[in-house]
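*Asks:* Here you go, one structure.
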Amino acid sequence: MNYYRSPNFNCSTKRFEHPSGDNNERKFLQITKVASEYFWRDYDEWEYKGFPTINPSKIELAHFSESVIWVGHSTVMMNHNGVTVLTDPHFTKRAGPFGFMGPKRITPPPFLIEDLPKIDIIIISHNHYDHLDRQSIIRLTKLQPEIKFFAPLGLSQILKSLGVKDIIELDWWQSVKYKNIIIHATQVQHWSRRSFYDRNRTLWSGWMITWDDFSFYFAGDAGYSKDFVETANRCGSPTLAAIPIGAYEPREFMKPAHINPEEAVKAFQDLNTKYAFGIHWGTFKLTLELMNEPPIQLKKCLKKAGVSQTKFKCLVHGEQWKNPFKNVN
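Numbering-wise (our numbering), the sequence shown opens with residue 8 and increments by one.
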């Protein structure tokens, strides 16, 4: 499928490009150096024991309403005004092409995929294995075949191969109305790849979901850029934002693709969001910082910036933030 009409698609290279010009191209020696450092790293204690998890009961999940829950990594479930949204669903043991390859899950999901309530919408940010998980999608489409999927340009083919029947693809800054909400695909600085030969052949994005009285921003994966300010300018400031805080070392290598805690606070301020919580940490060992470092650093950065920890939270895996939609005026 071609996307020649997209302003973000380079017809010569047949790849999507971010306006910054940084498309996360890395030299072979850079990649092998970081891979070697990762392979020979000293394991920290959190890689062995994982993190505390709150395990909601089936009854609690069945009555899930007016809440947001961090399932782990970039998987978030939220409900408002009768619409339940799930982002980047990942419930399996590894983030890789096969069950025996890829980073191992350190902190298990707080509940089974079979225990999910009725999901209306699934949002996919991009095609990396820790965000688009094959087995999770296959299982979800068998359990709940009527789910509506929203994804960046180019992901319909793989999603259909996994059993998804109803997909809407959006380019950056496109939006569509669905039920009582408006869904916007927002520009973020990142990249895409699932094999050796498909780098940036599909788009990546953040997402803004807007109700009449509330809006939720899901950043997916993102390097720090002016995109957060532009998102607020184009879509309005969100009420609640899910902002990544982990997978950022070594900094020079990871900076274009992943924000660190200090940049997460800047993103919080750029978006002018009322509330936020950190995602993309403590679930998979993806990079070189200690696994417990992101929330520790986030607290320090919040204090330095004068932002209350009640405004930008670090939730426990499985923790439910009830009624973050109240008292937000």
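We treat Cβ as the ideally placed atom computed from N, Cα and C, and that holds for glycine.
1) If Ile126 sits next to Leu169, beta carbons under 8 Å apart, how far is it from one beta carbon to the other, in whole angstroms?
2) With a Cβ-Cβ cutoff of 8 Å, do Leu147 and Asp178 count as a contact?
3) Are Ile130 and Val171 close, meaning C-beta to C-beta below 8 Å?
4) Just curious, the alpha helix (DSSP H) that Asn240 is in, first and last residue?
5) Roughly how many angstroms separate the alpha carbons of Lys155 and Ala254, rounded to a whole number?
6) Between Pro245 and Pro124, what straight-line distance do the alpha-carbon atoms span, to the nearest angstrom?
7) So Ala337 is in the beta strand (DSSP E); what residue range does that whole segment cover?
8) Once the 5 residues before and after Cys242 are set aside, which same chain residues still bring their CB inside 6 Å of it?
9) For Leu293 and Met85, I'd like the C-alpha separation in whole angstroms.
10) Got a sec? Which residues, its chain only, sit under 8 Å from Asn336 by beta carbon, not counting five neighbours each side?
11) Taking DSSP as the reference, what is the three-state secondary structure of Leu166?
12) Secondary structure at Pro301, three-state DSSP: helix, strand or coil?
13) Skipping 5 residues on each side, what residues in its chain have a beta carbon closer than 6 Å to that of Thr290?
14) Got a sec, what are the start and stop residues for the beta strand (DSSP E) Tyr282 sits in?
15) Can you tell me whether DSSP reads Ser182 as helix, strand or coil?
16) Between the stretch 250-265 and the stretch 63-70, do three or more beta carbon pairs fall short of 8 Å?
17) Going by DSSP, what residue range makes up the beta strand (DSSP E) through Gln327?
18) Return the CA-CA distance between Ile38 and Phe46, expressed in angstroms with no decimal places.
19) For Tyr320, does the three-state DSSP call read helix, strand or coil?
20) Along the chain, where does the beta strand (DSSP E) containing Thr217 start, and where does it finish?
21) Can you tell me where the alpha helix (DSSP H) holding Ile145 begins and where it ends?
22) Report all residues from its chain with a CB closer than 7 Å to the CB of Cys339; omit the five preceding and five following residues, and keep chain order.
23) State the DSSP-derived secondary structure class of Ile113, mapped to helix, strand or coil.
24) Is it true that the CB of Leu278 sits closer than 8 Å to the CB of Ala248?
25) Helix, strand or coil, according to DSSP, for Glu176 in the structure here?
26) Drop a sphere of 10 angstroms on the beta-carbon of Pro152, count the other beta-carbons inside from all chains shown, and report buried for 16 or more, exposed for fewer.
27) Please list the segments of the alpha helix (DSSP H) lying wholly inside the stretch 65-108, counting only runs of 4 or more residues, in order along the chain.
28) Which of helix, strand or coil does DSSP assign to Asn336?
29) Quick one: what's got a C-beta closer than 6 Å to Phe16's C-beta in the same chain, skipping five residues either side?
30) How many angstroms separate the CA atom of Phe107 from the CA atom of Ala312?
31) Ends of the alpha helix (DSSP H) at Tyr10?
*Replies:* Checking against the coordinates, here is how it stands:
1) Counting from 1 along the sequence shown, the entry for residue 126 is found at position 119. Counting from 1 along the sequence shown, the entry for residue 169 is found at position 162. Contact check for Ile126 and Leu169: beta-carbon distance about 15 Å, past the 8 Å limit, so the pair fails to qualify.
2) Position 140 of the sequence shown, counting from 1, holds the residue named residue 147. Position 171 of the sequence shown, counting from 1, holds the residue named residue 178. Going by C-beta atoms, Leu147 is not nearer than 8 Å to Asp178.
3) To locate residue 130, count along the sequence shown from 1; it is residue 123. To locate residue 171, count along the sequence shown from 1; it is residue 164. In this structure, Ile130 sits away from Val171, with a CB-CB distance that is not shorter than 8 Å.
4) For the purposes of this step, residue 240 is taken as the residue at position 233 of the sequence shown. Element bounds for Asn240: 234-242.
5) As a position in the sequence shown, residue 155 is number 148, starting the count at 1. As a position in the sequence shown, residue 254 is number 247, starting the count at 1. Near 29 Å, if we compare the C-alpha coordinates of Ala254 and Lys155.
6) Against the sequence shown, residue 245 aligns to sequence position 238. Against the sequence shown, residue 124 aligns to sequence position 117. Going from the Cα of Pro245 to the Cα of Pro124 covers about 25 Å.
7) Outside the displayed span of the chain (8 to 336) sits residue 337, for which this structure offers no information.
8) Position 235 of the sequence shown, counted from the first residue, corresponds to residue 242. Taken in chain order, the residues that qualify are His191, Met215.
9) As a first step, residue 293 is located in the sequence shown; it is residue number 286 there, counting from the start. As a first step, residue 85 is located in the sequence shown; it is residue number 78 there, counting from the start. Linking Leu293 to Met85 through their CA atoms gives a straight-line distance of about 25 Å.
10) Stepping through the sequence shown from its first residue, residue 336 is reached at position 329. In this prediction, Asn336 has a pLDDT of 47, which is less than 50 and means its spatial position is unreliable; nothing more can be read from the coordinates.
11) Residue numbering aside, residue 166 sits at position 159 when the sequence shown is read from its first letter. DSSP places Leu166 in helix when its eight states are reduced to three.
12) By one-based count along the sequence shown, residue 301 stands at place 294. Pro301: helix per DSSP, three-state reduction.
13) Looking up residue 290 in the sequence shown gives position 283. Within the same chain, Thr290 has close Cβ partners Gly79, His80, Thr114.
14) Numbered from 1 along the sequence shown, position 275 holds the residue referred to as residue 282. Boundaries of the beta strand (DSSP E) harbouring Tyr282: 282-286, taken from the DSSP string.
15) Here residue 182 corresponds to residue number 175 of the sequence shown, with the count starting at 1. In this structure, Ser182 counts as strand in the three-state DSSP scheme.
16) No: fewer than three Cβ pairs fall under 8 Å.
17) Your numbering for residue 327 matches position 320 in the sequence shown. Going by DSSP, Gln327 is part of the beta strand (DSSP E) stretching over 327-329.
18) Residue mapping note: residue 38 aligns to position 31 of the sequence shown, counting from 1. Residue mapping note: residue 46 aligns to position 39 of the sequence shown, counting from 1. Near 12 Å, if we compare the C-alpha coordinates of Phe46 and Ile38.
19) Along the sequence shown, one-based indexing puts residue 320 at 313. It should be pointed out that residue 320 corresponds to Lys in this sequence rather than to Tyr. Reduced to three states, the DSSP call for Lys320 is strand.
20) Here residue 217 corresponds to residue number 210 of the sequence shown, with the count starting at 1. Going by DSSP, Thr217 is part of the beta strand (DSSP E) stretching over 213-217.
21) Translated into the one-based positions of the sequence shown, residue 145 becomes position 138. Counting along the chain, Ile145 sits inside the alpha helix (DSSP H) bounded by residues 141-150.
22) For residue 339 there is no data in the structure shown, the boundaries of the chain being 8 and 336.
23) Residue numbering aside, residue 113 sits at position 106 when the sequence shown is read from its first letter. Coil.
24) The residue given as residue 248 occupies position 241 in the sequence shown. The residue given as residue 278 occupies position 271 in the sequence shown. Against a cut-off of 8 Å, the Cβ pair of Leu278 and Ala248 comes out as a contact.
25) Taking the sequence shown and counting its residues from 1, the one referred to as residue 176 is at position 169. Here Glu176 sits in strand by DSSP.
26) Residue numbering aside, residue 152 sits at position 145 when the sequence shown is read from its first letter. The residue in question, Pro152, is exposed, as its Cβ has fewer than 16 Cβ neighbours within 10 Å.
27) Counting only runs of 4 or more, we get 65-69.
28) For this step, residue 336 is matched to residue 329 along the sequence shown. The predicted model places Asn336 with a pLDDT of 47, which falls under 50 and marks its position as unreliable, so this point remains unresolved.
29) Residue numbering aside, residue 16 sits at position 9 when the sequence shown is read from its first letter. Residues Tyr10, Phe23 of the same chain have their beta carbon placed closer than 6 Å to that of Phe16, with the five preceding and five following residues left out of the count.
30) Looking up residue 107 in the sequence shown gives position 100. Looking up residue 312 in the sequence shown gives position 305. Between Phe107 and Ala312, the C-alpha separation is close to 42 Å.
31) Here residue 10 refers to the residue found at position 3 of the sequence shown. Boundaries cannot be given for Tyr10, as no alpha helix (DSSP H) includes it and DSSP labels it neither H nor E.
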